[in-house]
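As structure tokens, the structure follows; a few thoughts come after it.
There are 2 protein chains.
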Amino acid sequence: MKHLIHTLNKAFDNRVRLGVMAVLMANESVSFNELKEALDLTDGNLASHVAALEKAGYVTVSKQFIGKKPNTTYAASVEGKSAFQEHLSTLEKLLRG
Amino acid sequence: MKHLIHTLNKAFDNRVRLGVMAVLMANESVSFNELKEALDLTDGNLASHVAALEKAGYVTVSKQFIGKKPNTTYAASVEGKSAFQEHLSTLEKLLRG
Numbered sequence: 061m062k063h064l065i066h067t068l069n070k071a072f073d074n075r076v077r078l079g080v081m082a083v084l085m086a087n088e089s090v091s092f093n094e095l096k097e098a099l100d101l102t103d104g105n106l107a108s109h110v111a112a113l114e115k116a117g118y119v120t121v122s123k124q125f126i127g128k129k130p131n132t133t134y135a136a137s138v139e140g141k142s143a144f145q146e147h148l149s150t151l152e153k154l155l156r157g
Numbered sequence: 061m062k063h064l065i066h067t068l069n070k071a072f073d074n075r076v077r078l079g080v081m082a083v084l085m086a087n088e089s090v091s092f093n094e095l096k097e098a099l100d101l102t103d104g105n106l107a108s109h110v111a112a113l114e115k116a117g118y119v120t121v122s123k124q125f126i127g128k129k130p131n132t133t134y135a136a137s138v139e140g141k142s143a144f145q146e147h148l149s150t151l152e153k154l155l156r157g
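Structure below.
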């Protein structure tokens, strides 16, 4: 049986990805700027990681107008929530040794 | 106050590094091959990550001969153990949300 580290999900194998998913698990939907401020990130850093999570199907993106201003919000998808839960329990097993 | 993800230790921000430290925290000293087998890694992959942990001062390397054969063993340093404990508690705080 392969070592536990191989069961960890590569999509979450980075502090920014962990941070984004932790925020999205705790909130129904979050705007780009709220995510950026909550995690103290640059636009570019956050955008690249959120795009990767979206590509993996773990985050959904909705674009709407608030008044005349475009607004982008993110939410963890059903697959994202279950994959992240699995990642967390593997991490806990690994770290308990 | 900066978000928790910035308190995570970059030296451990990767599944292989987590795996190496988890094994070294549970064992006094471990040979390269034991680490490689325990974590199902290639020589190159393990060597690069162990070298980075050594450079960070978190892992100590001892080289000795067993009979005529050279043997390299690794151990978590005192700084490595305390830095890894801190990383784990930050990870737990982050994941508890």
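Quick mapping for you: the protein sequence lines, in order, are chains A and B. Each residue of the first sequence is one higher than the one before, counting from 61 in the numbering used here. Each residue of the second sequence is one higher than the one before, counting from 61 in the numbering used here. For glycine and all other residues, C-beta sits at the position ideal for the given N, C-alpha and C. All figures in this text were calculated on a predicted structure; none of them were measured in a lab.
Less than 6 Å between C-beta atoms, sequence neighbours within five positions excluded: which residues of the same chain meet that for residue i?
i	result
lysine 96 of chain B	Leu106
threonine 132 of chain A	Phe92, Lys123
In the DSSP output, what is residue i paired with across the bridge?
i	result
tyrosine 134 of chain B	B:Val90, B:Val121
isoleucine 126 of chain B	B:Lys129
Where residue i and residue j are concerned, what is the direct C-alpha to C-alpha distance, given to the nearest angstrom?
i	j	result
leucine 101 of chain B	threonine 67 of chain B	28 Å
leucine 113 of chain A	phenylalanine 92 of chain A	14 Å
serine 142 of chain A	valine 119 of chain B	35 Å
tyrosine 134 of chain B	leucine 64 of chain A	20 Å
glutamate 94 of chain A	valine 90 of chain B	45 Å
glycine 104 of chain B	alanine 111 of chain B	11 Å
valine 130 of chain A	glutamate 88 of chain A	The sequence shown places proline at residue 130 of chain A, rather than the valine named in the question. Each residue's alpha carbon lies about 19 Å from the other.
Within the same chain, show all residues whose beta-carbon is closer than 7 Å to that of residue i, passing over the 5 residues directly before and after it, in chain order.
i	result
phenylalanine 72 of chain B	Leu78, Met81, Phe144, His147
isoleucine 150 of chain B	Sequence inspection shows threonine at residue 150 of chain B; the isoleucine mentioned does not correspond to that position. Correct list, in chain order: Leu64, Thr67, Leu68.
Taking the alpha carbon of residue i as the point to measure from, which residue in the options has its own alpha carbon closest?
i	options	result
lysine 153 of chain B	A:Leu64, A:Lys62, A:Asn69, A:Val83	A:Val83
alanine 116 of chain B	B:Gln124, B:Gly127, B:Asp103, B:Ser137	B:Ser137
valine 121 of chain A	A:Gly140, A:Lys128, A:Gly127	A:Gly140
leucine 155 of chain A	B:Met85, B:His109, B:Lys62, B:Asn69	B:Met85
histidine 109 of chain A	A:Glu94, A:Asn74, A:Lys62, A:Pro130	A:Asn74
Find the residues of chain A that neighbour residue i, judging by a C-beta separation of less than 7 Å, and give them in chain order.
i	result
asparagine 74 of chain B	Asp73
Using a Cβ cut-off of 8 Å, pull out every chain B residue sitting near residue i, in sequence order please.
i	result
glycine 240 of chain A	For chain A, the structure presents residues 61 to 157; residue 240 of chain A sits outside this window and is missing.
Residues in its own chain within less than 8 Å of residue i by CB, not counting five upstream and five downstream?
i	result
leucine 99 of chain A	Val76, Gly79, Val80, Val83, Leu106
lysine 128 of chain A	none
For residue i, which residues in chain B fall below 7 Å Cβ to Cβ?
i	result
aspartate 100 of chain A	Lys62, His63, His66
Any heavy atom of the ligand SAM inside 8 Å of the beta-carbon of residue i?
i	result
threonine 102 of chain B	Ligands in the displayed structure: none, and consequently the ligand SAM is not present.
What in chain A is Cβ-close to residue i, meaning under 8 Å?
i	result
alanine 148 of chain B	The question names alanine, but residue 148 of chain B is leucine in the sequence shown. Result: Leu155.
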